[in-house]
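Below is one structure, written out as structure tokens; comments come after it.
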Amino acid sequence: MKDSIFQMVYELVKQIPPGKVSTYGQIAFLLGNPRLSRVVGYALHGNRDPEVPCHRVVNRKGELASAFLVNGVQEQRLLLEIEGVPFTGEGTVDLSSCLWEGPA
DNA sequence: AAAGTGACGCATT
DNA sequence: TAATGCGCCACTT
Numbered sequence: 291m292k293d294s295i296f297q298m299v300y301e302l303v304k305q306i307p308p309g310k311v312s313t314y315g316q317i318a319f320l321l322g323n324p325r326l327s328r329v330v331g332y333a334l335h336g337n338r339d340p341e342v343p344c345h346r347v348v349n350r351k352g353e354l355a356s357a358f359l360v361n362g363v364q365e366q367r368l369l370l371e372i373e374g375v376p377f378t379g380e381g382t383v384d385l386s387s388c389l390w391e392g393p394a
């Protein structure tokens, strides 16, 4: 396994429990560098592994990503709603209630 | 081999 | 309060 940021991002995102969401910045912070938020997004951008619930990762405002899977943000929002994640708007998640702060 | 680009976030003007 | 710039890593041209 490489020590690349990408690998760590994937491993971390895999640990996000259902019904919860996390942000790029939060993940970057857990990796040890809050400024890696951009890299985190890039990592998930190229991700195709179903093991990595990239739909549970949103930006700092709680807004869904712009270029999700084939169905776009609609699919992402649906997945989150099914898991019980509350929405404050059409494309906005209630981070105050469902933000995953990291592995115990 | 070097420069540009990209699912972001925070500080500053 | 809103808008712009900078920082970080990996990948593409």
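Take the position in the first sequence, starting the count at 1, then add 290; the result is the number in the numbering used here.
Where is the CB? At the ideal position from N, CA and C, for every residue including glycine.
Per DSSP, Gln-389 forms a beta bridge with which residues?
According to the sequence displayed, residue 389 carries Leu and not Gln. Leu-389 is bridged to Val-311.
Would DSSP call Val-342 helix, strand or coil?
coil
Tell me, please, which residues DSSP counts as bridged to Phe-377.
Val-383
Buried or exposed (CB count within 10 angstroms, at least 16 for buried), Leu-354
buried
Burial state of Pro-343 (16 or more Cβ within 10 Å)
buried
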